[in-house]
Amino acid sequence: MLNLSVLLEDGARTTPERECLVFGDLRLNYALVDMIANQVANLLVSRGVKPGDKVALASPNVPYFPFVYFGALKAGAVVVPLNVLLTPREIAYHLTDSGAKALFAFTGTPELPLGERAYAAFGEVDTCTTYIDLPASPGAKESSIEGAETFWAALDGQPGTFEPVRTEADDTAVIIYTSGTTGTPKGAELSHNNLLYNAVCSSNLFGSAEHDVFLTVLPLFHIFGQTTMLNTALYRHATMVLQPRFDGDEALALMEKENVTVFGGVPTMYWGLLGAKGEHDIAKIAANLHTAVSGGSALPAELAKNVKERLGVEILEGYGLSETSPVVSFNNPKVKAKPGSIGRPIWGVEMKLVDAEFNDVEGEGPGEIAVRGHCVMKGYHDRPDANAQVLKDGWFRTGDIARRDEEGFYFIVDRSKDMIIRGGYNVYPRELEEVLMTHPAVSLVAVVGVPHESHGEEIKAYVVREEGREVTEEELVAWSKERLAGYKYPRLVEFRDRLPMTATGKILKRDLR
């Protein structure tokens, strides 16, 4: 028997009075968070949700997320976290594809009316029978959405104790939907075992303090934030400071106020920290912050260097995917780390390079990363054809191209789908981005391939300039030409005030294309 809800329950048993969640003026201890999760579990059982049924959850980083997440797990249900930016059509797709029986959705704000979109989608899906509004006002008993029932009204009278349903280690705990960049989103089924092992391994890799405080700004509906922030923090009985939407100045203010010791982000978040304009006690922040981790996309070496100079902390880069719970490899500071590398496989996980036919690639590579171990998903929900394409003998092929050195460190070259083929030559955008980021006038850059009549694809760089710096397209092209091979340097440069990003902070290259 294994149920991931043990992470919260253990904290409630051993450190019941310790602060579990901090959100604005709310400061909730472990005992209270566990009690509310028990009420959610009782609510679900009373509404006919059975073990194995799917419960969808659309919420930003507010206390509702762990309330519902662990309440559903206690009831033996499978949690289906939904991106808060989805449209009604997309939400309906996820509800239908997963077969969700219940949907919990945050009301949102006038600028982000998540609840209205979710309720509209709920009305289109006959198999989803319960809708619970997570109101913006704590304790609100009446919903601003006509016909919807609020979380607090639904919990009224529900007992605060619950005996967790007996689930097996290999039972599905969470279904994480991929972003759908190569087709319709697919749901990766992650087991209780997948997620618990990944949280324990993450905790072992991070630095630690007597009482850790995690600044949790990575979206919890995404597997990176869910495992390395939520589940890892609870495994440590740490305190989580919730930030629903990243803002560099706000993040630094929270680090200073709450004595944050652990921060996790995607590269663009670190870029945002460097660009913050407010007055902050950087010395105090640096004195407390012992661990900063990056994932989600490749971390430019120049950005890592600038963060270390500014905040005094070395960013530890790891690698993973939704399908791998997510952590696959890590630069382990206790052993050895290499700048620009995604490190070596974590405990209990194997990595190798393969070609397009799944044959092993020997030596340095490059090749596509394949992964085997406790982190690999059970498979895509109801997608036997897709599973056959990516899973073989326990190995999962990731779609990421990498090289490795003689010590077993892996270096991401690029996503296979992002690779540019110019005049028959393979060009990996990440290499170009690393070089362009060293230009003093370049703050952020994304390189993509665009159609070209004779070369097939041409190389184009979208650039955000450093504030107060100037550089022209011609100057940047000439500068790149001096530093890159003739087939690699970008011929086209377009300057932007900002680059399109996902809710998790990844640059949307498909939009740029």
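With our numbering applied, the sequence shown corresponds to residues 762 to 1274, in that order. The beta carbon of each residue, even a glycine, is placed where N, CA and C say it ideally should be. Note that the structure is predicted; figures quoted are calculated from it, not measured.
Item to check | Inter-stretch contact (C-beta, 8 Å, three-pair minimum) for the segment 1108-1115 and the segment 1007-1016 | outcome: no
Checklist entry - D858 to R788, Cα distance in whole Å? => result Position 97 of the sequence shown, counting from 1, holds the residue named residue 858. Position 27 of the sequence shown, counting from 1, holds the residue named residue 788. So the alpha carbons of these two residues sit roughly 37 Å apart.
Item to check | Cβ pair L1287, F982 closer than 8 Å | outcome: This structure gives no information on residue 1287, because the portion of the chain shown stretches from 762 to 1274.
Next on the checklist: Can you list, in chain order, the residues of its chain with a C-beta nearer than 7 Å to that of P1190? Leave out the 5 residues immediately preceding and following it.
Outcome noted: Start at 1 with the first residue of the sequence shown, and residue 1190 comes out as number 429. If you ignore the 5 residues before and after P1190, its C-beta comes within less than 7 Å of the C-beta of D1175, D1179, I1181, V1208 and V1209, all in its own chain and listed in chain order.
Checklist entry - What residues match up with M1198 in a beta bridge as DSSP calls it? => result For this step, residue 1198 is matched to residue 437 along the sequence shown. In the DSSP output, where bridge partners are listed per residue, M1198 has none listed.
Next on the checklist: If I follow the unbroken alpha helix (DSSP H) through F912, where does it start and stop?
Outcome noted: Here the question's residue 912 lines up with position 151 in the sequence shown. Counting along the chain, F912 sits inside the alpha helix (DSSP H) bounded by residues F912 to L916.
Item to check | Beta-carbon proximity check, I1103 vs G1140, cutoff 8 Å | outcome: Reading the sequence shown from its first residue, position 342 is the one you call residue 1103. Reading the sequence shown from its first residue, position 379 is the one you call residue 1140. Cβ distance not < 8 Å, so I1103 and G1140 don't count as in contact.
Item to check | K1221, DSSP secondary structure in three states | outcome: The residue given as residue 1221 occupies position 460 in the sequence shown. In this structure, K1221 counts as strand in the three-state DSSP scheme.
Checklist entry - Going by DSSP, which residues form a beta bridge with M704? => result Nothing can be reported for residue 704: it is not among the residues displayed for the chain, which extend from 762 to 1274.
Next on the checklist: Quick check: L951 and M1138, are their CB atoms within less than 8 Å of each other?
Outcome noted: Within the sequence shown, the letter at position 190 stands for residue 951. Within the sequence shown, the letter at position 377 stands for residue 1138. Yes, these two residues count as a Cβ contact at 8 Å.
Checklist entry - Nearest to G860 by alpha carbon, out of L875, E885, N1148 and G876? => result Position 99 of the sequence shown, counted from the start, is the residue given in the question as residue 860. Measuring from the Cα of G860, the nearest candidate turns out to be E885.
Checklist entry - Would you call the CB atoms of L1003 and F865 closer than 8 Å? => result Counting from 1 along the sequence shown, the entry for residue 1003 is found at position 242. Counting from 1 along the sequence shown, the entry for residue 865 is found at position 104. Not in contact: L1003 and F865 (Cβ atoms no closer than 8 Å).
Checklist entry - For V1088 versus N959, is the C-beta spacing smaller than 8 Å? => result Indexing the sequence shown from 1 puts residue 1088 at position 327. Indexing the sequence shown from 1 puts residue 959 at position 198. The answer is yes: Cβ separation under 8 Å.
Next on the checklist: Give me the DSSP bridge partner(s) of D894.
Outcome noted: Within the sequence shown, the letter at position 133 stands for residue 894. Paired residue(s): A866 and T911.
Checklist entry - Is the beta carbon of H953 sitting closer than 8 Å to the one on L765? => result Translated into positions along the sequence shown, residue 953 becomes position 192. Translated into positions along the sequence shown, residue 765 becomes position 4. Yes, they are a contact pair.
Item to check | S963, buried or exposed, once every other Cβ within 10 Å from all chains shown has been counted against 16 | outcome: The sequence position of residue 963 within the sequence shown is 202, counting from 1. In this structure S963 is buried. Its beta-carbon is surrounded by 16 or more other beta-carbon atoms within 10 angstroms.
Item to check | Boundaries (first-last residue) of the beta strand (DSSP E) holding S1090 | outcome: Within the sequence shown, the letter at position 329 stands for residue 1090. Per DSSP, S1090 belongs to the beta strand (DSSP E) from V1088 to F1091.
Checklist entry - Which residues in the same chain have their Cβ closer than 6 Å to the Cβ of V1311, if we skip the five residues on either side of it in sequence? => result What the structure shows of the chain is the stretch from 762 to 1274, and residue 1311 is not part of that stretch, so it cannot be assessed.
Item to check | Buried or exposed by the 16-neighbour rule on C-beta atoms within 10 Å, applied to D1272 | outcome: As a position in the sequence shown, residue 1272 is number 511, starting the count at 1. Answer is exposed; the Cβ neighbour count stays below 16.
Checklist entry - Between the Cα of A1014 and the Cα atoms of H1041, L995, W1032 and M1030, which residue gives the shortest distance? => result Here residue 1014 refers to the residue found at position 253 when the sequence shown is read from its first residue. A1014 has its Cα closest to that of H1041, out of H1041, L995, W1032 and M1030.
Next on the checklist: In the DSSP assignment, the alpha helix (DSSP H) including N742 goes from what residue to what residue?
Outcome noted: Because the chain here runs from 762 to 1274, residue 742 falls outside it and cannot be looked at.
Checklist entry - Mind checking whether the beta-carbon of N965 lies closer than 7 Å to any heavy atom of the ligand ATP? => result Although the ligand ATP was asked about, the structure shown includes no ligands whatsoever.
Checklist entry - By Cβ distance below 7 Å, which residues in the same chain neighbour F923 in space, the five residues on each side in sequence not counted? => result As a position in the sequence shown, residue 923 is number 162, starting the count at 1. Excluding sequence neighbours, F923 sits near N799, A802, N803 and K835.
Next on the checklist: Using a Cβ-Cβ cutoff of less than 6 Å, which residues in the same chain neighbour G876 once the five nearest sequence positions on both sides are dropped?
Outcome noted: Here the question's residue 876 lines up with position 115 in the sequence shown. Correct list, in chain order: A866, T868, G869, D894 and I906.
Checklist entry - Tell me, which residues are paired with T922 by DSSP? => result Residue numbering aside, residue 922 sits at position 161 when the sequence shown is read from its first letter. According to DSSP, T922 bridges with nothing at all.
Checklist entry - Can you tell me whether DSSP reads R774 as helix, strand or coil? => result As a working mapping, residue 774 is identified with position 13 in the sequence shown. Note: R774 maps to helix in three-state DSSP.
Item to check | Chain-order list of residues whose beta-carbon lies under 6 Å from that of E1255 (same chain, five-residue window excluded) | outcome: Sequence index remark: in the sequence shown, residue 1255 carries index 494 (1-based). Closer than 6 Å at Cβ, skipping near neighbours: Y1223.
Checklist entry - Would DSSP call D1146 helix, strand or coil? => result For the purposes of this step, residue 1146 is taken as residue 385 along the sequence shown, with counting starting at 1. Of the three classes helix, strand and coil, the one that applies to D1146 here is helix, per DSSP.
Next on the checklist: As a quick exercise: from E1195, M1262 and G1056, pick the residue whose alpha carbon is nearest that of L1245.
Outcome noted: Within the sequence shown, numbered from 1, the residue matching residue 1245 stands at position 484. The option with the nearest alpha carbon to L1245 is E1195.
Item to check | Whole-number beta carbon distance between H1216 and R1183, since they are thought to touch under 8 Å | outcome: Taking the first residue of the sequence shown as 1, we reach residue 1183 at position 422. Taking the first residue of the sequence shown as 1, we reach residue 1216 at position 455. Their Cβ separation, rounded to whole angstroms, is 5 Å, which keeps R1183 and H1216 in contact under 8 Å.
Item to check | For W1156 and D786, the rounded distance between their alpha carbons | outcome: Counting from 1 along the sequence shown, the entry for residue 786 is found at position 25. Counting from 1 along the sequence shown, the entry for residue 1156 is found at position 395. Approximately 46 Å, taken between the alpha carbons.
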